[in-house]
Structure formats: structure tokens, C-alpha cells
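Chains as they are written, first to last, in this note's numbering: chain A, 1038 to 1134; chain B, 89 to 398; chain C, 5 to 396.
For reference, the structure is listed below as C-alpha cells.
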Amino acid sequence: MKLKGWKELTPGAVILEAGNAVEFKTGSWRAFKPIWIKENCIQCLFCWIYCPDMAIKVRDGKREEYDYDYCKGCGICALECPGKKGKKAIVMVEEGK
Amino acid sequence: MAVQLKLKELSKKEDLFTHGHRMCSGCGAPIAVKMVLFASDYPVVACSSTGCLEVSSCISLYTAWKIPWIHSAFENAAATIAGVETMYRALRKKGKINEEIKFVTFCGDGGTYDIGLQSLSGAMERGHDMLYICYDNGAYMNTGIQRSSATPLGADTTTCPAGTSIPGKIQERKNLTRIMAAHDIPYAAQASISNWLDLMKKVRKALSLKGPKFMNILSPCNRGWRSRTDDAILLSRLAVNTCYWPLYEVENGVTRITFKPKDKKPIIDFLKPQGRFKHLFSPENDWLIKKFQEDIDKEWERLQRESPFA
Amino acid sequence: MARIVAVTGNEAVAEALRQTNPDVCAAYPITPQTDMMQRFASFVSNGKVETELILVESEHSAMSACIGASAGGGRVATATSSQGLALMWEMLFIASGTRLPIIMPVVNRALSAPLNIHGDHSDAMGARDSGWIQLWSENAQEAYDNTIQAFRIAEHMDIRLPVMICLDGFIISHSIERVEYIEDNEVRNFVGEYKPLYPLLDIDNPKSYGPLILTDLYHEYKRAQHEVMTKVKGVVLNVAQEFEKISGRKYGLFESYRLEDAEIALVILNSAAGTSKDVIDEFRERGIKAGLLKPRLFRPFPYKEVAGALKHLKAVCVLDRADSFGAYGPVFAEVSSALYQVRERPQMINKIYGLGGRDFLPQHAEQVLSELVEITKTDKVKIVKEYIGVRE
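So, in C-alpha cells, the structure goes:
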């Protein structure tokens, strides 16, 4: 990102573009990566509500794939996932493997 | 307007706190913020004190807030939002604003329990129509895990480290929720991100009431608590089930426990997964665990006495 | 039609606040400001203003609430003195750094320790680096006039900076003088409707105030703030020109009293300048070419103009009603910096006077002017900085 000169800055450091943090992709922070196993998913959406980084895409009330641009690999979703019949719908694997 | 408090319905709402924020992996604070914002059916204007949430959500030319948000300093979130709320009333009276807007703060225990207590008390006393939310992670985490009055008994922090002479924090935690309830405000409550529905119901109730409201939300910090990145919800649940963090509300002076653990667990269940308490398991510090358990039991008993629905 | 009244400085400023009718005011009492806010509070209680008054629990919260309210998007004012100003010190920088046009009369009072409730300039001088525009007032009329003009200066779209209006505690704030009030509707038209810039309460266009800025941008933000300060002078003069039309009174960056052909002069702020002008007249009657410069705009400091006004003099004494321990007085430091840029410049001395409300009497001005006469004869300065009116 090209750094702004003093004349280009907003007075008082006010940020006018609400939610522009989305331009900063935190996915590169991951050491571990969640994998969604669709067959074991009961669509409880616990993973979605507990995710600190809003990294689970949801459409029409159903979860879809991870937004790996932002997932920091904390593993909360995997731990909280109730799974189906004892089988988790989310597992953590090492990033890059 | 009111969206049903069902995850499926809530998931259709827009993310008003976006990803791309810089909070640590597995931090409890953004979970608390998102739950609060999902629960609100009104437009919200928010204020944060200096702290983890503030510096990580609004840094450089980026902001994760899709709602109007202001940060001014560390000890004055309550005073700052009181100013915004008053301007809102002034402009509304003059017909320059017509919407119903709710004023909420998101402040850490750092900017609330200690340095921020004066401005919080002042704002509550003056009766501003606002909801002060404290995300309590039990220390000044942003500056490197220094002790606050919200730090639990016996915890190891960088300013009260567990050493050979002094075993960590030897003062009991300040019970801020009680102090806030004692201000006789319309609503004071404790909530946990592990019990999302209870949390959201409380937010809705608070926002439906006029006047100053306070909510204390436990917010695990895996860095400061020396726990795993994936256990924010697990630890919150343990905190609730050991009655370290009882879920209750005080509405117009009436205390109501909103969640009673089926099987109250001993406090060591909450302490064991956290590295900041590992020194308490040495025999010479046993007295601290005993004291901790006593304090918890005393408070839980008091709550049960005061709660007509216990 | 102007209304001629006999009022104290506090009453006059309270009246200016009533006429400008801020949307929100957050204030905390402190002697000698108290009376001003009490009067204003009675305007609020009796519906004479539409201001929402927040009776905060400390001055720090007063400035914090003002910042919140101003960011919200409306006209904001407060007032304080001494310890109150000191308590809100961190918030002053935040108000100016966030570019919020907050108006604050400061009833100048000494800073503790020792505790003293009387008038001197240590409070506002201590805040001179805070990024606030500072206007200094000799008497109740000037305090009233400066307060009204302050709104136009602060809210100017090229400026958007907070302004403090200084008036001497007790000496002016509590003394009754003849003051001319301007008609309500003329003041109203003069200050006009408040135009918000980046209002927080515009929920359709959400914005974030108060980001964390790192080493890569902070320097630039401050450069931008410096740039704005360079535009203040021009706006102050334009506003003064417009103000003359409704008041008949002229204001500039400073007042020059019998300075054009003077050989010696005093540079002195606020009420003591009034006392000194009489002594200047006496010296003139004796054939001594004495003059006086009374700064009005202290921040930003008009270096070029002050140097221009003083460079022809042989000797100047800058009197400070505040000390900067271990250094020369604040006004002296600015005036000597201004004159440093000029090749031919007067001898300069610095006197510290009137601290903690110690009276500045005509004989003190006489003493100083006589010393300046000596200096012009010998071209020698014996001691640069000295306290006057002090018991040995």
C-alpha cells in the first residue's frame, strides 16, 4: 500500500470508509487451518457465531465454506463443533500441509 | 424489525464488525462485540476506551466498525459517549435527527474497573441513555498483561508475577457488576460468550430500557490467561459452570439469576487449563485456591438469596 | 441597538454563550469560572437557551464529553480555570488533534502548588502547545467579543480547531465594567447555523474517530495540523473585520498602543495592559516615547507581525504573568523568537509579575519603563529575567 502524503489525509484522522478493515487479510496469520467436512455438518451455526473473525460464509441461514482470507486458525470452531454422531464436521490441519 | 434470536435468522444480518481486525487468534472480545451487535435491532453508535479492542479494530487508515464509532482516550469512554448521546438529544429536540439510535460502549476491564470508574460512575449517575459494555479479560492485556482490579485472585500477571515471595495477585477481584447495580440504574447484568442466547436476550432487554445500563461480559484472552487459542468458549463455559462468572441481571433492583449450572463445578476446573494459575497448584499456594473457592461460594450464595427465581 | 450594561467578565462571557446558544455544554465548576457557568446554568433552567448542559463529574470528563458531542455533530462549549484546565490536559491535545471546534473560555488562575485561586496566566500558558487557538482578553468587553468571534474562527471550514478565550481570574471575571452587548439576532446571524464536518450521528455514513496511528503516519497528521494553524491568522483577521460591522469595535492580532513612533515599549497581556496604558500616557506626557503591544492572538503566534511592530524600538520589556521555571517567560520566549529574525532589533528584558493574583500597579509599569529608559542610555542589559513586585 502506497503511504499517503500529509495533504491526502483526512482532518483529525477520521476514517470515512466504514468497515474498510476488510482490505487487511488476516488469513496469513494461520499456523493451523480448519477444514469443513460437509457430511458431518448439522448446520447448527455454532461455528459461525463463535468465530472471532467472521470467517465462515453463510448464505440463507446455512454455512458454506471458510473465508480463508481472514481465518486466523484459532480452532474455536473445531472445538465447539458438535458434529454428527460423534464425528466432527470441522478438523484442524497444519497450514501449508 | 426485530430479528428472531435464532442463529439462522441472525446469520442473515450484516456483519457490523468486520473481519480484517487485528485481534489475536482466538480472542474473546470480537466474539462479544459481534454478539452484541447482532442482538441489537436499532442503529448503534459505539465508543471504546483505549485497549485491545480499540487499537486492533481501528488502526492506521482501517476500521472494522461499520457503525459510527469513537475512541478518545483511556479513562473516559463513558464521558465521551455521554457527550455523543447528549448531542443526539439536543439535535433530536431540534428536529435535526429523527432516528432512534442506541449508544453503546465496548470497553475493557482496564478502562472500566480502574481508571475509567469515575467517568463510568458519573455517566451512570447522570442517567444518560446508554449501555456500557465491559469486555472483561481480567488484566490490562493490550499493554502486556498487567494487573487490574478485575484480575482474579492468585493470577500471575506481569505486574504481580507469581514469585517466590508473592504468589501473584493477593487481592480479591473487584465486583464491578455489584457496584454498578448499586448505582440503582435500570439494568446491570453479567453475560458470557458461551451462552450466546442469554447474552443477546440481555442486550435486547437493556436496549429496550431507557436510562443507563451496564453489562459485564467475560472475554477470555488466551495470551494473558496462558491458555489455548481454541478455548475461549470452553473457558467461558467453565467460568459460568464453576460460578466464577455467574450469569445474572439486576433489573430495577431485582436480582435474577438467568442461568443456574446443573452441576456446579469446583473452581480448579476453571483454573487448571490456564497457565496464569499453574503456580496455585503448588502446596504452599493451596490457601489461595481455598480462598478463591470460598469467595465464589459466598457470592453464589448471596446471589441465590437475592434472586427470587433461584 | 447595542445594550450598555454594567457586568462582570463572567457575566459578559455567559451572555455571549447565551447568545451563541451552543447545542451541548459539559462543564465542571472551578473558581473563578464558577460564576460564569452558574449564570449559564440558570439560562438553561429558564429556557433562555436550548443548550443541553451536562454537569459532569470532573473537568477531564467535561472535555471528553465535549469531544464526544462535537464529534457527534453540533456546537459545543465549556469553560474552566487552572486545575481544571490542568486536569483536562491530555484531552486538549485530543480535541485539537481530532480537529473539533470546541469553544472554551478560560478564566485564568494560578496553578497549584501552592493552591491559589487568583488570577495569573500559568494555566493557559501551560496549554500553549496543545494545538488550541488562544485569544487573550484585556477586559470584559474583549472577553465577550472574543467569545463570539471564537465560534466563527473555530467553525471555519478551513480551520476546525478548538479555541480558548482567556480572561483574568477575579480581576476581570469578578469586576464590574461597562460593556456593550450586541443584539441577540445580530450575534445569531454572525455565528450562523452550525455546519458539522464528519458528524458521528450521521448513521447513514458511519465513520470512525480516534484510530491508532503508528510511526508511518503520525508525523504526517501533525504536519497537516501545523498547516491548519498557518491559516488561522487570516481567518482571525477576516472574522474581526466582519465583527467590526456589527459592533463598531476593531480587533487585530494584537493591539498596538502608541507604538509607531515609540522608542521603548512594554509587551503585556490582558488586564495589566490596561493598567499599563495609563502609565504609557504619563510617560508620553513627560516626553518619553513609550508604547505598548498587547497580544491578542497568542496561538498561533504572529511572529512576523509582532517583529514588524517592535523592531524599530530601542528597548522592550516583555511582562509575563506566568513563569516557565528554568526558562524565560512564555511571552518573552515568543517575542524574542520573533525579533531574532530581524537584524536590527531592540534590547529585551523579561519581567515576571502578578503571580497568584498579586496586583500589578501603575508603579510597577513605571519601574519597568524607567529601567527601559536606562537601557536605551547605556545600551546594556543588567539582567534579562527578573521578578517584579516581590518582597525580598
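We put the CB at the ideal spot given by N, CA and C, even for glycine.
The three-state secondary structure of D282 of chain C, taken from DSSP, is helix. Taking CB atoms only, K1070 of chain A has no neighbour in chain C less than 8 Å away. Straight across, the Cα-Cα distance linking S65 of chain C with D285 of chain C is about 47 Å. Of the candidates B:R364, B:C331, B:A294, B:R364 places its Cα closest to the Cα of A227 of chain B. Think of a sphere of 7 Å around the beta carbon of I147 of chain B: the chain C residues whose beta carbon falls inside it are P215, L216, in chain order. For R325 of chain B, the uninterrupted alpha helix (DSSP H) segment begins and ends at 320 to 329. A check of alpha carbon separations from L317 of chain C across C:S280, C:L373, C:R325 identifies C:L373 as the nearest. The beta carbon of Q206 of chain B lies closer than 8 Å to those of E163 in the same chain, with the five residues before and after it left out.
The count of Cβ pairs closer than 8 Å, one atom from the stretch 264 to 280 of chain C and one from the stretch 239 to 248 of chain C, stays below three, leaving the stretches out of contact. Taking C-beta atoms under 8 Å as the contact rule, L323 of chain B and P361 of chain B qualify, at a distance of about 6 Å.
Neighbours of K254 of chain C in chain B, taken as residues whose beta carbon is under 8 Å from its own, are absent, since the nearest beta carbon is some 35 Å off. The residue from C:H160, C:I71, C:L205, C:A277 with its alpha-carbon nearest to that of P156 of chain B is C:L205.
The alpha carbon of Y198 of chain C has as its nearest neighbour, out of C:H160, C:M233, C:L323, the alpha carbon of C:H160.
At a Cβ-Cβ threshold of 8 Å, M129 of chain C and P306 of chain C do not count as neighbours. Close to M129 of chain C, with beta-carbon spacing below 9 Å, lies no residue of chain B; the smallest spacing is near 23 Å. At a Cβ-Cβ threshold of 8 Å, Y201 of chain B and S236 of chain B count as neighbours. Secondary structure of K1044 of chain A (DSSP, three-state): helix. Residue nearest to Q371 of chain C within the set C:A342, C:A269, C:G361, C:R227 is C:A269 (criterion: CA-CA distance). With a cutoff of 8 Å on beta-carbon distance, F302 of chain C and A294 of chain C are scored as not near each other. When the beta-carbon positions are compared, G78 of chain C and V17 of chain C stay at least 8 Å from each other. Excluding sequence positions up to five before and after Y1087 of chain A, its CB lies within less than 7 Å of the CB of I1113, C1114, E1117, all in the same chain and listed in chain order. For G295 of chain C, the uninterrupted beta strand (DSSP E) run begins and ends at 294 to 299, by DSSP.
Under the three-state reduction of DSSP, L96 of chain C is assigned to helix. Around K289 of chain B, the same chain offers L93 as residues with beta carbons nearer than 7 Å, after the five sequence neighbours per side are excluded. Look at V1051 of chain A here: in three-state DSSP terms it is coil, with no helix or strand label.
For the pair F369 of chain B and D357 of chain B, the Cα-to-Cα distance works out to about 12 Å.
Between the alpha carbons of M233 of chain C and L171 of chain C lies a distance of about 22 Å. Inter-residue distance for V271 of chain C and P109 of chain C is about 22 Å (C-alpha atoms, whole angstroms). In this structure, G312 of chain B sits away from I384 of chain B, with a CB-CB distance that is not shorter than 8 Å. For M268 of chain B, the enclosing alpha helix (DSSP H) begins and ends at 264 to 269. Taking CB atoms only, V1051 of chain A has a neighbour in chain C less than 8 Å away. For the set A:V1051, A:I1072, A:P1048, A:C1111, the Cα lying nearest the Cα of M111 of chain B is the one of A:C1111.
Of all residues in the stretch 63 to 88 of chain C, those with a C-beta nearer than 7 Å to a C-beta of chain B are H64, S65, S68, A69, C70, I71, G72, A73, A75, G76, G77, G78, reading in chain order. Less than 8 Å divides the Cβ of A166 of chain B from the Cβ of A211 of chain B. Between F194 of chain B and E173 of chain B, the beta carbon gap of about 15 Å keeps them out of contact (Cβ cut-off 8 Å). Put simply, the stretch 140 to 147 of chain B does not touch the stretch 183 to 196 of chain C. Fewer than three CB pairs are less than 8 Å apart.
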